[in-house]
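A short write-up of the structure that comes next.
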Amino acid sequence: MVPIAYYLILAAVLFCIGIAAFLIKRNVITIFMSIELMLNAVNLTFVAFAHMWHQVAGQIFVFFVMVVAAAEAAVGLAIIIALFRVRQTLNVDQINLLKN
Amino acid sequence: MNANLLWLIPLLPFAGFLLNGTLGRKLPRAIVATIALLFTAAPALIVADLWHFMLSTGQQIVSITSRPWIAVSGFHVDFAFTVDHLTLIMLAIITGVGFLIHLYSVGYMAHEEGYWRFFAYLNLFMFFMLVLVLSSSFLLLFVGWEGVGLASYLLIGFYFTKDSAANAGKKAFIVNRIGDFGFLLAMFLLIAHFGSLSFNDVFMKIAATPLTGGFLTAIALLLVLGATGKSAQIPLYIWLPDAMEGPTPVSALIHAATMVTAGIYMVARCHVLFDRSPFALAVIAVIGAATALLAATIGLVQHDIKRVLAYSTVSQLGYMFLACGVGAYSAGIFHLMTHAFFKALLFLAAGSVIHAMGGEQDMRVMGGLRKKIPVTFWTMSMGVFAIAGLPPLAAFFSKDEILYNVFTSPNPLHLLLWFVGLLTAGLTSFYMFRLWFKTFFGAPRFDEHHVHVHESPLSMTVPLGILAVLSIIGGWVGIPAALGGHNIFEHFLAPVFESTAPIAESSSTSLELTLAVVSVFTALLGLYIAYTFYYRKPGTAAALAARFKPLYGLLDHKYWVDEIYGTLIVAPLLAFSRIGLNGIADTGIVQGTAVGLAKTTTGLGALTRRMISGNIRSYAGWLALCAAAVIVIVLFKH
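As given, the protein sequences belong to chains A and B, one line each in that order. For the first sequence, the working numbering assigns the number 1 to the initial residue and increments by one for each residue that follows. For the second sequence, the working numbering assigns the number 1 to the initial residue and increments by one for each residue that follows.
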């Protein structure tokens, strides 16, 4: 039996990697992937707690998160493609149309 | 007689005002004039019917009440009209003289712009003036009071493109505001002490208590302040001479015959109240006498024909005040009536002279008009003889009645007041004959090739004729017993003033005769001096003026009263408004708050704007930082 703490530490590490990547990376697709990473880190904690307490709610929650993430990926990728067509770049520092 | 007809008396002129005010601009002049005349003639007929009804049935009071106007927990005011004999006389003067002046205006204003506007305002004035005298409560009277002030303002400033006219209108309005302030305070006191504003309630309550002085004096003095504003008495008389900027028929109707007598009417109406306050009565008497003398002396040196008449009006109003002040209300109202006749006549005749001279008002360039405009000359002569107090014309009886009442009054100052009244009578006679001689006699002092003097049209001369007849016979209703009459007028008003009036019939006939002879002698003396100065030896006046230069200057500048008010009241008020209200309150506080708020938000915005960099990673950084902060706080809180 793997202790719960291991799962949580792993999830925290993944989440922090996600945040760090979000803040550091300039490529929109990479940022997008880091968001997915954070989501999955959270999913991991949900599943771990669900297993620990023998409750099914946490697992159901994970399914919802996955559905939302899939929808988000679909919309997000579409936006990214549209953005690339207009700006010819995926560098977020140059995508600042709303400034000023 | 259906009492509901009372409503129609003021409402008909109001309908005329609405018609001419809304449609008049597009209507031809003849129709505008017809509307105005019809809607003033109709109330006159109703009033005549009312006279007939009240005299034939002997009914003293006709009144009518509509639904409540204001009803608040125990205090209520109704729309209610009451007609007693005093109101009846006022109604007759207003509708009768009013109609004649409307008729006159048809001719006088024929060539003026804004014909419809003039008649609309004139009808509006009639409406408010009739409300004023018909009302049976202080509040409704106040509505009329304010309304005539408004109409007066509009008509003084009728030639509003002229600065002086617009300013004169404003002056009249503002000065009257001061008086109205007193009237308002008096009404508040009445509500506080009697819980009612109805004349009947208030006077019954006063009659039921033995109170004298105290707050009654306060109320009375505040009412006097109101009356001094409306009736142009010291200290608020200054607006009336300037009001002559209005068209002449307006001066005749509003500033001589009717509106300015509202103050006297109000004092007479509230005689129950004033009788309880000897102090307030004494104040009225002193104000009246002082105003009569002051205005008469200023009138001596005026050159503008209308200004002479204006000061004469102020002076005659002073007489009426004096009469009220010694408790001789019916004498005051008597003089009010005869004054309405002869002063309306004088103004209209002066208007006819001005009309004939093509708009010239300066007597220095008139002269010799007697032969050229005979109708005007003869009618105006009647007015001049009447105001001078020569028997048997109107003012002889009314003025003597006042002087006699003053002489026999218990007022400790009565001899002084009487003497001032007599002196004023002499001065009045002098300046009126001065006007007469300067205008109608001697050689013409204008260029006869340029000024085509012409007699006025029939619509102007007919009112002149009627008013001249009234100025002659108007006083015969009040011939005192000492002169073989019955003083019908005083008996007629006796029911109204019964609480006051010990009708002084029993008193000395010889005294009354002596006083009459003295005043006639004074009037003749005035006539003789004017004759010497301005007819027999012209130039005497100029020589005298040169010899008593400071005195002449004082009179010529109207005792510097306007300047004194300007320095003592207007200038400080203006300074306070500019610095205190405009500078500190408006620019400083009001504008300062608004601008300060705007500046603060702009500054805060400039600071927070730095956070909105448009860089998505910086937003994410802020988000992460704040989330971390929240976690830290949550963790370490426990």
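No residue lacks a Cβ here, since even glycine has one placed at the ideal position from N, Cα and C. Since the model is a prediction, treat every value here as computed from it, not as a measurement.
List the whole-angstrom C-beta distance separating residue i from residue j, where the pair is believed to meet the contact cut-off of C-beta under 8 Å.
i	j	result
B:Leu134	B:Phe203	Not really, about 17 Å apart at Cβ, beyond 8 Å.
B:Gly149	B:Asn176	5 Å
B:Ser409	B:Gly327	7 Å
B:Leu345	B:Ser471	5 Å
A:Ile35	A:Gly18	7 Å
B:Ser330	B:Phe497	6 Å
B:Ala252	B:Ile101	5 Å
Which same chain residues, not among the five before or five after residue i, have their C-beta less than 7 Å away from its C-beta?
i	result
B:Val561	Ile238
B:Ala290	Ile234
B:Phe385	Leu393
B:Phe173	Gly149 and Tyr153
B:Ile503	Low local confidence applies: a pLDDT of 49 at B:Ile503 is under 50, so the model's placement there is unreliable, and no value is given.
B:Phe17	Ala120, Asn123, Leu124 and Phe127
B:Tyr265	Met90 and Val133
B:Val143	Val131
A:Phe84	Leu90
Verify the CB distance criterion: does residue i have a CB-CB separation below 8 Å to chain B?
i	result
A:Val92	yes
A:Leu23	yes
A:Asn40	no
A:Asn96	yes
A:Ile19	yes
Under 8 Å between C-beta atoms, does residue i make it to chain A?
i	result
B:Ala620	yes
B:Ile616	yes
B:Ile631	no
B:Ala624	yes
B:His638	no
Could you work out which residue in the options is closest to residue i when comparing CA atoms only?
i	options	result
B:Tyr431	B:Arg67, B:Thr540, B:Ala388 and B:Arg610	B:Ala388
B:Val32	B:His355, B:Ile284 and B:Leu103	B:Leu103
B:Ala482	B:Val517, B:Leu470 and B:Ala356	B:Val517
B:Trp622	B:Met611, B:Thr522 and B:Ala36	B:Met611
A:Val92	B:Ser312, B:Ser618 and B:Phe441	B:Ser618
B:Phe199	B:Pro247, B:Val634 and B:Arg269	B:Arg269
B:Trp476	B:Ala542, B:Phe396, B:Ile466 and B:Val406	B:Phe396
B:Tyr108	B:Pro249, B:Ala425 and B:Ala71	B:Pro249
B:Ala323	B:Asp304, B:Thr212 and B:Ser398	B:Ser398
B:Gly226	B:Thr161, B:Leu184, B:Gly246 and B:Pro68	B:Leu184
B:Trp436	B:Val469, B:Asp362 and B:Pro412	B:Asp362
B:Trp7	B:Val83, B:Arg578 and B:Phe341	B:Val83
B:Phe671	B:Ile61, B:Met366 and B:Val286	The question about residue 671 of chain B has no answer, for chain B in this structure spans 1 to 638.
Let's test the definition: count the other Cβ atoms within 10 Å of the Cβ of residue i and tell me whether it reaches 16, buried, or not, exposed.
i	result
B:Gly526	buried
B:Gln316	buried
B:Thr439	buried
B:Phe636	exposed
B:Thr509	exposed
B:Asn123	buried
B:Glu563	exposed
B:Gln302	buried
B:Gly230	Checking the sequence, you will find Lys at residue 230 of chain B rather than Gly. Buried.
A:His54	exposed
B:Ala243	buried
A:Tyr6	exposed
B:Ser136	buried
B:Asn582	exposed
B:Val634	exposed
Going along the chain, which residues of its own chain have a beta-carbon closer than 6 Å to the beta-carbon of residue i, five neighbours each way excluded?
i	result
B:Ala186	Ile219, Leu222 and Leu223
B:Gly318	Gly288, Thr291 and Ala292
B:Tyr404	Glu512 and Leu515
B:Thr65	Asp78 and Ala80
B:Leu216	Arg276 and Ser277
B:Tyr639	Chain B is shown only over 1 to 638; residue 639 of chain B falls outside these bounds and no answer can be derived.
Which residues in the same chain as residue i place their Cβ atom closer than 8 Å to its Cβ, once the five residues preceding and following it in sequence are excluded?
i	result
B:His452	Gly358
B:Ile191	Phe75 and Leu197
B:Gly580	none
B:Leu458	Gly107
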